[in-house]
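Residue numbers (our numbering): 17 to 207. C-beta: ideal position from N, C-alpha, C; glycine also. All values derive from a computational prediction rather than experimental measurement. I have placed the structure first, in the form of structure tokens, so that the comments after it can refer back to it.
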């Protein structure tokens, strides 16, 4: 049996006791935890250029270690030239060990590869304890060979937690190593 992911052990040994103490939970099971990570990559031109869809599938597979699902248009939209049933993107939902491994690689390897990286904004919480992050360039992941990339594209990453409030989710993700940063305009409003 393979070893438990490093970040999962950190959660159980360090993060969980910290959250229980900080928020005063009477039961350890009330403490927030990471439930799943959803990664979505849109490929709008997949109908005209099927190779783009194949590239997106292969890139997401190499980044996550899991085969992505092709998403299709639910209805036709004439302004965008989309017909119902046409492939428009790919998605992956990561849970348990793969979820912790992905988060570990994202925080320690991929995000520091972003040019002029100052941290990620702490404003993308949805009010229910979930956080969404947009990544503009897939080549920040070390699994992607830059020589094989025809065009740079991004993806959306959503961290789904069991936290009831954004404050609890922020504390959980911050303890897991997410490099949050406050913007200057936020600090000016708070002052």
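Practice task
Tell me residue 149's beta-bridge partners as DSSP assigns them.
Solution key: Along the chain shown, one-based indexing puts residue 149 at 133. For residue 149, which the question treats as bridged, DSSP gives the partners 173.
Handout entry: Outcome for residue 173 when other beta-carbon atoms lying within 10 angstroms are tallied against a minimum of 16
Key = Sequence index remark: in the chain shown, residue 173 carries index 157 (1-based). Buried, because 16 or more other Cβ atoms sit within 10 Å of the Cβ of residue 173.
Exercise for the section: For the alpha helix (DSSP H) containing residue 51, list its first residue and its last residue. Expected result: Walking along the chain shown from the start, residue 51 turns up at place 35. Counting along the chain, residue 51 falls outside any alpha helix (DSSP H), though it belongs to the beta strand (DSSP E) covering 50-58.
Exercise for the section: Decide if residue 96 is buried, meaning its Cβ has at least 16 other Cβ atoms within 10 Å, or exposed. Expected result: Looking up residue 96 in the chain shown gives position 80. Answer is exposed; the Cβ neighbour count stays below 16.
Exercise for the section: Hey, could you find the ends of the alpha helix (DSSP H) residue 34 is sitting in? Expected result: Locating residue 34 in the chain shown gives position 18, where the first residue counts as 1. Per DSSP, residue 34 belongs to the alpha helix (DSSP H) from 32-39.
Exercise for the section: Please list the segments of the beta strand (DSSP E) lying wholly inside the segment 93-172, counting only runs of 3 or more residues, in order along the chain. Expected result: 103-110, 147-151
Handout entry: Cβ neighbours of residue 90 in the same chain (closer than 8 Å, five flanking residues each side left out)
Key = Numbered from 1 along the chain shown, position 74 holds the residue referred to as residue 90. Here the set comprises 100.
Problem - Three-pair Cβ contact test at 8 Å for the segment 110-121 versus the segment 132-151 - result: no
Handout entry: Beta-carbon proximity of residue 47 to residue 57, cut-off 8 Å
Key = Here residue 47 refers to the residue found at position 31 of the chain shown. Here residue 57 refers to the residue found at position 41 of the chain shown. No, the pair does not count as a contact, with Cβ atoms beyond the cut-off.
Handout entry: Neighbour flag for residue 96 against chain D, beta carbons, 8 Å
Key = Here chain D cannot be found, since the structure has a single protein chain.
Practice task
Go ahead and label residue 55 buried or exposed: buried means 16 or more other beta carbons lie within 10 angstroms of its beta carbon, across all protein chains shown.
Solution key: In the chain shown, the residue the question calls residue 55 occupies position 39. That one is buried.
Problem - For residue 33 and residue 180, the rounded distance between their alpha carbons - result: One-based indexing of the chain shown puts residue 180 at position 164. One-based indexing of the chain shown puts residue 33 at position 17. Going from the Cα of residue 180 to the Cα of residue 33 covers about 18 Å.
Exercise for the section: Throw me the rounded Cβ distance for the residue 177 and residue 146 pair, which I believe falls under 8 Å. Expected result: Your numbering for residue 177 matches position 161 in the chain shown. Your numbering for residue 146 matches position 130 in the chain shown. At roughly 6 Å, the Cβ-Cβ gap stays under 8 Å, so residue 177 and residue 146 are in contact.
Handout entry: Cut-off 6 Å between Cβ atoms - residues of its own chain near residue 85, not counting five sequence neighbours on either side
Key = Position 69 of the chain shown, counted from the start, is the residue given in the question as residue 85. The answer, listed in chain order, is 107.
Problem - Inter-residue CB distance, residue 79 and residue 160 (contact presumed, cutoff 8 Å) - result: Walking along the chain shown from the start, residue 79 turns up at place 63. Walking along the chain shown from the start, residue 160 turns up at place 144. Confirmed, about 7 Å.
Handout entry: Buried versus exposed, by CB contacts within 10 Å (16 or more), residue 154
Key = The sequence position of residue 154 within the chain shown is 138, counting from 1. Looking at its Cβ environment, which holds 16 or more other Cβ atoms inside 10 Å, residue 154 is buried.
Problem - Under 8 Å between C-beta atoms of residue 104 and residue 59 - result: Within the chain shown, numbered from 1, the residue matching residue 104 stands at position 88. Within the chain shown, numbered from 1, the residue matching residue 59 stands at position 43. Closer than 8 Å, so yes.
Problem - Alpha-carbon spacing of residue 189 relative to residue 121, whole angstroms - result: By one-based count along the chain shown, residue 189 stands at place 173. By one-based count along the chain shown, residue 121 stands at place 105. In a straight line, the C-alpha of residue 189 is about 14 Å away from that of residue 121.
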